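One rule links them: number in the numbering used here = place in the sequence shown (from 1) + 265.
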Amino acid sequence: MTVHGEREKIPATSKAEAGKVLKQFVAGYNKANTTLDPAVNATYETGALHDIDEAITKGGRQVSPNGNPDWDPLELRDARFAIPKQAGWPKFFVADTLSNRNNGHWFLAFTRNGPSEKWKAAYLLLLDEDEVPEFATDADGYAKPVPAKGSDLTVDPGRLAKAYAKYLKTGEGSTFAPGPDTDRWRAQREAAAKRPGQHTETVDEPYKAPAMALRTKDGGALAFFATYHFQHRTLPAGHTFSLKPALEAVRKGPLKKANKMTFTTVSEQVVKVPAKDAGGSVVFLDRQGRTTEAKAD
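Written out as structure tokens, the structure is:
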């Protein structure tokens with residue numbers, strides 16, 4: 266009997282295949298950071314993670330055009346996989362691993378859009394030991410995905426990016442818990458906007474890729490999502506921007522002698538979302554971002 270992944274709920278992958286995908290990620294990650302070739306990032310990453318790491322690779326090449334032969338290879342170990350049953354595409358799964366880089370857990374969300382496509386990492390965030398969730402599983406041991414819309418969470422996964430962008434603009438509501446990525450980041454941005462000699466206006470928008478969420482045993486979910494942050498900076502008349510190597514590497518078009526520039530930052534987040542009946546706010550566990558484009562206005 267043929268099972269069609271477009272209609273039937275089937276495991277997104279097997280643990281054996283997930284292990285191979287993780288090894289492919291490590292190999293690609295080490296190659297990208299050794300060669301500092303931005304083209305390598307697209308072979309094993311997609312979405313926000315690709316945009317962020319590609320910008321990092323470009324910045325590295327700006328400083329070291331011949332690559333980084335002294336790169337200390339990444340190693341991931343003790344991987345645990347949360348694999349959901351899903352119908353249709355895209356499909357995804359999550360890997361919880363330990364690394365030789367730090368004491369935290371590397372959480373990677375992998376996705377692909379069809380059976381003929383290659384699995385690629387879409388999110389990579391770091392969690393402390395006490396932040397690692399217990400995923401809910403079905404009778405067969407598979408993780409339970411949360412739909413983008415119509416969930417029983419305080420915020421549907423598909424609305425997280427839009428809700429976060431709105432919060433960063435207004436600061437209103439109790440959707441997001443206080444912390445370094447919410448009220449404290451807003452305060453930092455407000456202070457920077459008032460810095461003498463430079464006017465800064467920030468616009469936040471949802472990223473184009475879908476969020477991914479898995480049910481946790483407490484009834485909530487662990488969710489990954491991404492956002493854009495556009496900073497429009499204006500210097501006094503007669504002044505021009507001087508870009509550091511990391512920004513020069515992602516500059517689009519001529520710098521000109523303009524006093525206005527727009528800097529685009531891509532940000533990826535992992536959050537803990539409570540169930541509606543439990544109450545409470547969305548808690549940020551990690552956020553990683555990078556300026557991916559600098560363009561004179």
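Here a beta-carbon is modelled for each residue, glycine too, at the ideal position from N, C-alpha and C. Computed from a predicted structure; not experimentally measured.
| Check | Outcome |
| --- | --- |
| Residue ranges of each beta strand (DSSP E) within the segment 460–522, 3 or longer | 464–471, 477–480, 486–499 |
| Contacts around Leu341, its chain only, beta-carbon distance under 6 angstroms, and the 5 residues preceding and following it disregarded | Val291, Thr362, Ser364 |
| Ala277, buried or exposed, once every other Cβ within 10 Å from all chains shown has been counted against 16 | buried |
| C-beta contact flag for Pro334 and Lys409 at 8 angstroms | no |
| Contact set for Gly270: own chain, Cβ-Cβ below 6 angstroms, skip 5 residues either direction | For Gly270, the pLDDT reaches just 47, beneath the cut-off of 50, and the residue's location in the model is therefore unreliable, although a value from the coordinates is still provided. Around Gly270: no qualifying Cβ. |
| Straight-line gap, Ser381 to Gly353 (C-alpha atoms, nearest Å) | 14 angstroms |
| Continuous alpha helix (DSSP H) assignments of at least 4 residues falling wholly in the segment 285–335 | 303–306, 312–328 |
| Meets three-Cβ-pair contact criterion under 8 angstroms: the segment 316–336 and the segment 278–288 | no |
| Beta strand (DSSP E) segments (min. 3 residues) lying fully within the segment 321–407 | 341–347, 356–364, 370–377, 385–392 |
| Three-state class that DSSP yields for Lys541 in the structure shown | helix |
| Reference Thr440; option with closest CA among Thr529, Val548, Asn306, Phe358 | Val548 |
| N- and C-terminal bounds of the beta strand (DSSP E) containing Asp551 | 548–561 |
| Among Thr467, Ala488, Leu500, the one whose alpha carbon lies nearest that of Asp389 | The residue asked about is misnamed: residue 389 is Leu in this sequence, not Asp. The residue with the shortest Cα to Cα distance from Leu389 is Ala488. |
| Extent of the continuous alpha helix (DSSP H) run through Ala456 | 448–458 |
| Residues near Asn298 by beta carbon distance below 7 angstroms, same chain, minus five either side | Asn333, Trp336 |
| Coarse secondary structure for Thr529, derived from DSSP in three states | strand |
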